[in-house]
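In our numbering, each residue carries its 1-based index in the sequence shown increased by 13. Don't be surprised by glycine CBs; every beta carbon is placed ideally from N, CA and C. None of the values given here were measured: they were computed from a predicted structure. Here is the structure we will look at.
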Amino acid sequence: MGGRCLVAPFAIAELPLSIHPFRPQIDAMTQSPDIQITASAPTRAPSAVPVDDAALPFEVAALDLRGRLTRLGPALDDILTKHDYPAPVCKLLGEAIVLATLLGSSLKFDGRFILQTQTDGPVSFLIVDFQLPDRLRAYARFDAARLKEGQDSGALLGKGHLAMTIDQGADMSRYQGLVALDGGNLEDAAHEYFLRSEQIPTRVRIAVGEEWRGGGEGPKHRWRAGGMLLQFLPKAPERARPADLDPGDAPEGAVTHEVAEDDAWVEGQSLISTVEDIELLDPDLSGERLLYRLFHERGVRVFSPLPLRAQCSCSRDAVSSMLKSFAAQDRAEMVKDGKVVVTCEFCSSVYEFTPHEAGVE
Ligand SMILES: [Zn+2]
């Protein structure tokens, strides 16, 4: 334990893995009080004003589709540039942040939504800590020697698992959903999770990019990201049944029960599959215009955007009490050059303590 000390992920990573399904997608849409387009104001033109750092819930009632569109600009750039990660790691962590906002922004309580991976790839651990309703922080652990040119996010992650935890506070139970990662990317993992655990037909699109803008002081580099979650939630649950999987080794001539995918969901998937990365990232294309572009033939209703921001929850007090939780000998070993220095791996804040303040006699 030297100068750098991981403040929070230790505690989170050691959670017992009890697996319970959770249903964040239901709450956002049915309980949102923020419907902008009501019977008294039935339609309006999509706003041309881009809103960064927000999740925009929407509904395509004609197709029983609900979803969220996330656009991240300054908040993402703030989180990523506080770390000195290589670009591929920034991109992967950005994807994880977008996925966390797509899933966590539907939760209606003051708690945390934590998305983390533990895998055998060059990026062995990453965590996004989304403190509801709006605060984001994130961290990645990687082996620089194993990073190679052209690795996609599946190759960066490798094999292992993705865990999503809902923590509603000290007195409440914690829920965790778990999905295997097997060389696929985070979009694949989200699809697998919703298919196996939630049985809700779901499509996710995520894009992370680097933006270069000219200006008075030369080109300025910024990270941007966008993502969309689309779910098929018909009132009649049998319509949401997935199409039959391959019957596998069923004996020849056996009667197979065939279920075709619902037409509305076929249409929804075909529409979201046309979304280009550039559309998710374009700082000049508003989220409402993008949704209108996709769904105008069926009609799309948007809800109030949920703002998001980059803010760590570390503090000198919290670090101090964490130090006091270590054994006396461990604390003594942290003293270097007459002081104890702790760096928050989420936000790179540095906290310095005298040996006395750190409880070293
Ligand atoms: Zn911090």
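Assign residue i to one of three DSSP states: helix, strand, or coil.
{"i": "Ile-213", "result": "coil"}
{"i": "Ala-273", "result": "coil"}
{"i": "Thr-56", "result": "coil"}
{"i": "Pro-247", "result": "coil"}
{"i": "Asp-184", "result": "coil"}
{"i": "His-204", "result": "helix"}
{"i": "Val-64", "result": "coil"}
{"i": "Met-347", "result": "coil"}
Please report the straight-line C-alpha distance between residue i and residue j, rounded to a whole angstrom.
{"i": "Ile-179", "j": "Arg-148", "result": "15 Å"}
{"i": "Glu-374", "j": "Pro-368", "result": "7 Å"}
{"i": "Pro-135", "j": "Asp-156", "result": "5 Å"}
{"i": "Pro-255", "j": "Leu-294", "result": "31 Å"}
{"i": "Leu-170", "j": "Tyr-188", "result": "24 Å"}
{"i": "Leu-69", "j": "Ala-151", "result": "21 Å"}
{"i": "Ala-100", "j": "Val-332", "result": "29 Å"}
{"i": "Ala-54", "j": "His-309", "result": "Its pLDDT being 49, under 50, Ala-54 is placed unreliably by the model, and nothing is read from it."}
{"i": "Val-102", "j": "Tyr-305", "result": "33 Å"}
{"i": "Asp-40", "j": "Thr-132", "result": "Summary for Asp-40: the model assigns pLDDT 35, below 50, so the residue's position carries little reliability, and this model does not support an answer."}
{"i": "Ala-75", "j": "Gly-312", "result": "7 Å"}
{"i": "Ala-202", "j": "Val-192", "result": "7 Å"}
{"i": "Ser-361", "j": "Ser-210", "result": "36 Å"}
{"i": "Pro-87", "j": "Glu-251", "result": "42 Å"}
{"i": "Glu-205", "j": "Ala-249", "result": "22 Å"}
{"i": "Gly-227", "j": "Ser-317", "result": "32 Å"}
{"i": "Gln-174", "j": "Gly-229", "result": "For the record, residue 174 in the displayed sequence is His; it is not Gln. Approximately 45 Å, taken between the alpha carbons."}
Going by the CB atoms, is the gap between residue j and residue i shorter than 9 Å?
{"i": "Arg-237", "j": "Asp-90", "result": "yes"}
{"i": "Leu-246", "j": "Leu-78", "result": "yes"}
{"i": "Thr-83", "j": "Thr-114", "result": "yes"}
{"i": "Gln-181", "j": "Gln-324", "result": "no"}
{"i": "Leu-243", "j": "Thr-215", "result": "yes"}
{"i": "Gly-240", "j": "Val-64", "result": "no"}
{"i": "Pro-320", "j": "Ala-67", "result": "yes"}
{"i": "Glu-108", "j": "Ile-219", "result": "yes"}
{"i": "Trp-154", "j": "Ser-166", "result": "Note that residue 154 is Arg in the sequence shown, not Trp. Cβ distance not < 9 Å, so Arg-154 and Ser-166 don't count as in contact."}
{"i": "Arg-314", "j": "Val-141", "result": "no"}
{"i": "Lys-352", "j": "Phe-339", "result": "no"}
{"i": "Gly-372", "j": "Lys-337", "result": "yes"}
{"i": "Leu-116", "j": "Met-177", "result": "yes"}
{"i": "Gly-196", "j": "Ala-158", "result": "no"}
{"i": "Ala-253", "j": "Ile-213", "result": "yes"}
{"i": "Leu-160", "j": "Leu-139", "result": "no"}
Let me make sure I understand the geometry here. Which of the options has the alpha-carbon closest to that of residue i?
{"i": "Leu-298", "options": "Glu-280, Gly-229, Gly-80 and Leu-85", "result": "Leu-85"}
{"i": "Glu-370", "options": "Cys-360, Ala-345 and Thr-356", "result": "Ala-345"}
{"i": "Leu-199", "options": "Val-217, Gly-190 and Ser-210", "result": "Val-217"}
{"i": "Arg-329", "options": "Val-315, Glu-162, Gln-164 and Val-354", "result": "Val-354"}
{"i": "Ser-326", "options": "Lys-349, Gly-124, Ala-168 and Leu-303", "result": "Gly-124"}
{"i": "Ser-119", "options": "Met-347, Phe-71, Leu-284 and Ala-183", "result": "Phe-71"}
Taking residue i and residue j to be in contact with their CB atoms under 8 Å, please state how far apart those CB atoms are, rounded to whole angstroms.
{"i": "Ile-110", "j": "Ile-127", "result": "That pair is no contact at about 12 Å."}
{"i": "Val-288", "j": "Leu-307", "result": "7 Å"}
{"i": "Ile-296", "j": "Glu-358", "result": "Correcting the residue identity first, residue 296 is Pro in this sequence and not Ile. At roughly 29 Å, the Cβ-Cβ gap does not stay under 8 Å, so Pro-296 and Glu-358 are not in contact."}
{"i": "Lys-104", "j": "Val-221", "result": "5 Å"}
For residue i and chain D, any beta-carbon pair shorter than 9 Å?
{"i": "Gly-171", "result": "Among the chains of the structure shown, chain D does not appear; only one protein chain is present."}
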